[in-house]
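If you read the sequence shown in the numbering used here, its first letter stands for residue 100, the second for the next number, and so on. Note that CB positions come from ideal geometry on N, CA and C, so glycine has one too. Structure, as structure tokens:
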Amino acid sequence: MRTDERIMAYGGGWLDRAGALRADPEWIADRLADPEGVVLPLWRDHCLVTADRTPVRRAVADSAELLAAADETVFLGLDAGAAVSAVDLSGRPEREALELAGAVEAVDVRTLAGGLRPAEAAVQAYARGLLHWHRGQRYCGGCGTATAARDGGHVRFCADAECARLFFPRIEPAIIVLVEAPGRPDRCLLARHRGAPEGSWSTLAGFVEVGESLEDAVRREMAEEAGVTVVDLAYQGSQAWPFPAGLMVGFRATAASDEVRVDGQELLDARWFTRDELRARAAEGRPLGRIDSIDRHLLQAWLKG
Numbered sequence: 100m101r102t103d104e105r106i107m108a109y110g111g112g113w114l115d116r117a118g119a120l121r122a123d124p125e126w127i128a129d130r131l132a133d134p135e136g137v138v139l140p141l142w143r144d145h146c147l148v149t150a151d152r153t154p155v156r157r158a159v160a161d162s163a164e165l166l167a168a169a170d171e172t173v174f175l176g177l178d179a180g181a182a183v184s185a186v187d188l189s190g191r192p193e194r195e196a197l198e199l200a201g202a203v204e205a206v207d208v209r210t211l212a213g214g215l216r217p218a219e220a221a222v223q224a225y226a227r228g229l230l231h232w233h234r235g236q237r238y239c240g241g242c243g244t245a246t247a248a249r250d251g252g253h254v255r256f257c258a259d260a261e262c263a264r265l266f267f268p269r270i271e272p273a274i275i276v277l278v279e280a281p282g283r284p285d286r287c288l289l290a291r292h293r294g295a296p297e298g299s300w301s302t303l304a305g306f307v308e309v310g311e312s313l314e315d316a317v318r319r320e321m322a323e324e325a326g327v328t329v330v331d332l333a334y335q336g337s338q339a340w341p342f343p344a345g346l347m348v349g350f351r352a353t354a355a356s357d358e359v360r361v362d363g364q365e366l367l368d369a370r371w372f373t374r375d376e377l378r379a380r381a382a383e384g385r386p387l388g389r390i391d392s393i394d395r396h397l398l399q400a401w402l403k404g
């Protein structure tokens with residue numbers, strides 16, 4: 100298990116996903132039946148946790164009833180040779196799902212991220228994203244026939260032999276950008292998003308559109324939402340964000356001017372902040388970005404100069 104605390108939440112997962120082996124149905128069946136394996140139960144995109152809010156991990160040897168009740172079982176990977184799988188109990192009432200798992204509560208993994216090592220949060224989010232995809236891909240988009248899982252749950256296929264279309268888990272890329280002002284003093288652009296708590300300011304972000312590069316998406320989103328033309332784009336890092344299927348790609352960019360014109364739709368306001376202003380906000384207990392999000396890392400890196 101990797102325990103590097105510098106890794107962003109939902110990154111650094113230690114599992115060997117065994118991509119070259121999971122297409123073998125006999126191998127998968129043996130792994131999922133291995134009594135030394137581990138099962139992670141989820142319910143409607145929620146982790147099932149114990150009284151101390153630790154995600155439940157059940158040994159396969161003690162999970163016959165749990166596995167029999169699951170709507171879907173997916174293979175996540177190998178941990179020191181033992182299989183780690185996830186089961187979806189979404190078809191059961193919440194109380195029954197909790198009893199089957201030996202849990203006391205169903206919670207969003209994002210509320211646990213601050214108390215989990217990044218790699219542990221990564222596996223829980225991975226399980227959540229994969230099971231969410233299965234629930235949404237029950238039918239073929241081409242012919243409407245029911246689909247079924249294979250390759251340990253990493254592929255679904257159309258059951259109509261003439262169609263036989265394959266479906267793979269979808270990933271929706273998005274960019275997130277820390278924009279710096281031109282010239283002195285050093286300032287970065289933060290915005291108030293519609294629906295965000297009062298007094299909350301964050302970096303700007305948006306989804307990548309069809310036929311668009313990541314850099315094109317940065318330039319378009321900054322212009323559309325804040326009326327800012329950006330130059331000197333630099334990649335900063337990425338973060339898995341399976342809520343339900345995102346991949347956040349972080350950039351730093353410089354604005355061509357310090358003029359800002361928010362769209363009034365997604366953004367209600369945007370303004371430039373100096374490092375001293377952000378440090379003052381932090382000293383007052385106002386968070387600089389979500390504790391589990393890449394925007395926090397972008398802001399902290401900028402504060403360090």
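Would you identify the three-state DSSP class for residue i, choosing helix, strand or coil?
i	result
Y225	helix
A185	strand
W126	helix
Y109	coil
V159	helix
A258	coil
H253	coil
E171	strand
P154	strand
L211	coil
A205	strand
Less than 8 Å separating the beta-carbons of residue i and residue j?
i	j	result
F350	L332	yes
L147	L197	yes
F174	R234	no
E320	I393	no
T302	V327	no
V361	E308	no
P272	I106	no
T413	R283	Here the chain comprises residues numbered 100 to 404, so residue 413 is not present and cannot be evaluated.
L131	L230	no
By the DSSP assignment, the beta strand (DSSP E) with residue i in it spans what residues?
i	result
P272	E271 to E279
W432	Missing from the structure shown is residue 432; the chain here goes from 100 to 404 and no further.
L346	G345 to A354
Using the beta-carbon count (16 or more within 10 Å), is residue i buried or exposed?
i	result
F267	exposed
I390	exposed
A316	buried
R227	buried
A182	buried
P341	buried
D250	buried
G243	exposed
E195	exposed
R255	buried
L265	exposed
G176	buried
What span of residues does the alpha helix (DSSP H) with residue i cover, start to end?
i	result
H396	I393 to L402
R380	R374 to A382
V317	L313 to A325
What I want to know is whether the C-beta of residue i ends up closer than 7 Å to one or more non-hydrogen atoms of the ligand SAM.
i	result
V208	Absence of the ligand SAM is noted for the structure shown, with no ligands found whatsoever.
**Report entry** Validate contact between the stretch 114-127 and the stretch 339-357 using beta carbons, cut 8 Å, 3 pairs
**Finding:** no
Requested in this report: Say whether the stretch 183-197 touches the stretch 206-216, bearing in mind that this needs 3 or more beta-carbon pairs closer than 8 Å, one atom from each stretch.
Outcome: no
Query raised in the report: Would you call the stretch 285-300 and the stretch 366-380 touching, i.e. three or more CB-CB distances under 8 Å?
Result: yes
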